[in-house]
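Peer 1:
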Amino acid sequence: MTRPFLPALPITILSQNADAIRTALHTAMKKNSCLKAGPEVVIRQATDTPSQINCDAVEVMIADPDLAAQIIPDCTNLTWCQSTWAGNAPLLNGGKTDYTLTALRGVFGPLMREYVFAYLLQHARNLDGFAEQQAATPPRWESATRMPLRGQTLGIIGVGDIGKALMPVAQSFGMTVIGVSRSGNAVKGVKRMYATAELHQFAQQADHVVNLMPDTPGTYGLLNEDFFACLKPHSIFINAGRGNAVDDEGLLSSLDKHHLAHAVLDVFTQEPLPSSHPFWRHPKLTVTAHTAAESRPADVASVFLDNATRFAHGDTLLYQCDFAKGY
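Using full-length UniProt numbering, you'd call the opening residue of the sequence shown number 1 and step up by one each time.
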């Protein structure tokens, strides 16, 4: 197959993983035969330092949103920015909207499935308890498994691309899935969808809750003590969406009052989480370092190159962000 004539696509990479993304792009372009329909991608710059970017020359960019936000107002010729993140608050709240912003999507589902069900199974099967029994002196032989996941209801707040990826695994365990979205519109495979305004009714029906909401002003502090008070005493709450959706004090108070059994948090209002924060030491709380579903250079390259072909042919790009909605 002969590559159709298309002008070269010069790009700029601004990322903490700039070198790895550049390498991944070169590797993917060599291996992926479908790129014969795409443009030749020419990397003009690849750096992790915003001040090194020649803003006037930037037309297409792959970038970490926090770094891009520092220069994007000066990128007057920018037409398209491919983010390396799923969430893009630094750019969506940055004021400049006269370009196309695409998120990194379609790649995080498998990673998030592993994270969520690792912790749900840890609690359902009492893995911590058995580890304590084995470490005791003398070791203890006790049967203390908790409720199996079968027959329980998993509540997903934010039933988007990543949220939908949890559904097949939940259903394979015999769980029922309910969800929350801004509109509450029906989603295939979800027993019932709730609008954001119905969050408390949703919480009352869920055995375990996973938050995957995007970062928008309307979600700040939405998961507060009133919300957690609606959960069941055996509930596990997992936040792998955005840290500022959770009212920290409300969650701590709810754990102390036994409104829920345990919380697993991967995202926080301030990151890294300060060593003095009470989350670190609370016995009913597990902290992970924003690693539930990390961006990988190979995934960035794959999503970008797919969209680069679309861009060169004038087709609609995948995973476009809506500046008005904030995600």
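Every residue gets a Cβ at the ideal spot worked out from N, C-alpha and C, and that includes glycine.
How would you label G189, buried or exposed, when you count the other beta carbons within 10 angstroms and need 16 or more for buried?
Peer 2: Start at 1 with the first residue of the sequence shown, and residue 189 comes out as number 189. Answer is exposed; the Cβ neighbour count stays below 16.
Peer 1: Tell me whether the region 298-316 and the region 131-141 touch, counting them as touching only if at least three CB pairs, one residue from each stretch, are closer than 8 Å.
Peer 2: The answer is no - the region 131-141 does not touch the region 298-316, with fewer than three Cβ pairs under 8 Å.
Peer 1: Give the C-beta separation of A68 and L91 to the nearest angstrom, bearing in mind that I take them to be a contact with Cβ-Cβ under 8 Å.
Peer 2: Looking up residue 68 in the sequence shown gives position 68. Looking up residue 91 in the sequence shown gives position 91. Right, the Cβ-Cβ distance comes to about 6 Å (below 8 Å), so this counts as a contact.
Peer 1: W141 by DSSP, collapsed to three states: which one?
Peer 2: Stepping through the sequence shown from its first residue, residue 141 is reached at position 141. Of the three classes helix, strand and coil, the one that applies to W141 here is coil, per DSSP.
Peer 1: Within this structure, are the beta carbons of L78 and V42 separated by less than 8 Å?
Peer 2: Mapped onto the sequence shown, residue 78 falls at position 78. Mapped onto the sequence shown, residue 42 falls at position 42. Cβ distance not < 8 Å, so L78 and V42 don't count as in contact.
Peer 1: Have a look at H234, L252 and M213 and flag the residue whose alpha-carbon is nearest the alpha-carbon of D226.
Peer 2: Numbered from its first residue, the sequence shown carries residue 226 at position 226. The option with the nearest alpha carbon to D226 is L252.
Peer 1: Tell me which residue opens and which closes the beta strand (DSSP E) that P168 is part of.
Peer 2: Reading the sequence shown from its first residue, position 168 is the one you call residue 168. Premise fails: P168 lies in the alpha helix (DSSP H), D161 to S172, not in any beta strand (DSSP E).
Peer 1: Could you give the distance in angstroms between the alpha-carbon of D266 and the alpha-carbon of A229?
Peer 2: For the purposes of this step, residue 266 is identified with residue 266 of the sequence shown, where counting begins at 1. For the purposes of this step, residue 229 is identified with residue 229 of the sequence shown, where counting begins at 1. Whole-angstrom Cα-Cα distance: 21 Å.
Peer 1: Suppose only complete runs of 4+ residues qualify. What are the alpha helix (DSSP H) ranges in the region 5-89, listed by chain order?
Peer 2: DSSP runs (the alpha helix (DSSP H)) wholly in the region 5-89: 18-31 and 65-68.
Peer 1: Could you tell me which residues DSSP puts in a beta bridge with A263?
Peer 2: Sequence index remark: in the sequence shown, residue 263 carries index 263 (1-based). In the DSSP output, where bridge partners are listed per residue, A263 has F237 and L285.
Peer 1: With DSSP as the reference, label G158 as helix, strand or coil.
Peer 2: Stepping through the sequence shown from its first residue, residue 158 is reached at position 158. Coil, per DSSP.
Peer 1: How would you write the range of the beta strand (DSSP E) that M193 sits in, first residue to last?
Peer 2: Counted from its first residue, the sequence shown places residue 193 at position 193. Counting along the chain, the beta strand (DSSP E) containing M193 begins and ends at R192 to A195.
Peer 1: What are the start and end residues of each continuous alpha helix (DSSP H) run of 4 or more residues lying completely inside the region 178-225, in chain order?
Peer 2: Within the region 178-225, the complete alpha helix (DSSP H) runs of at least 4 residues are 199-205.
Peer 1: Would you tell me roughly how many angstroms separate the C-alpha atoms of A86 and S235, rounded to the nearest one?
Peer 2: Within the sequence shown, numbered from 1, the residue matching residue 86 stands at position 86. Within the sequence shown, numbered from 1, the residue matching residue 235 stands at position 235. Taking the straight line from one Cα to the other gives about 27 Å.
Peer 1: Name the one or two DSSP bridge partners that T153 has.
Peer 2: As a working mapping, residue 153 is identified with position 153 in the sequence shown. In the DSSP output, where bridge partners are listed per residue, T153 has T176.
Peer 1: Given T219, which residues of its chain have a CB within under 6 Å of its CB, disregarding the five upstream and five downstream residues?
Peer 2: As a working note, residue 219 is residue 219 in the sequence shown. Around T219: M213 and A245.
Peer 1: Do you know how far the Cα of Q45 is from the Cα of T196?
Peer 2: In the sequence shown, residue 196 corresponds to position 196, counting from 1. In the sequence shown, residue 45 corresponds to position 45, counting from 1. C-alpha separation (whole angstroms): 42 Å.
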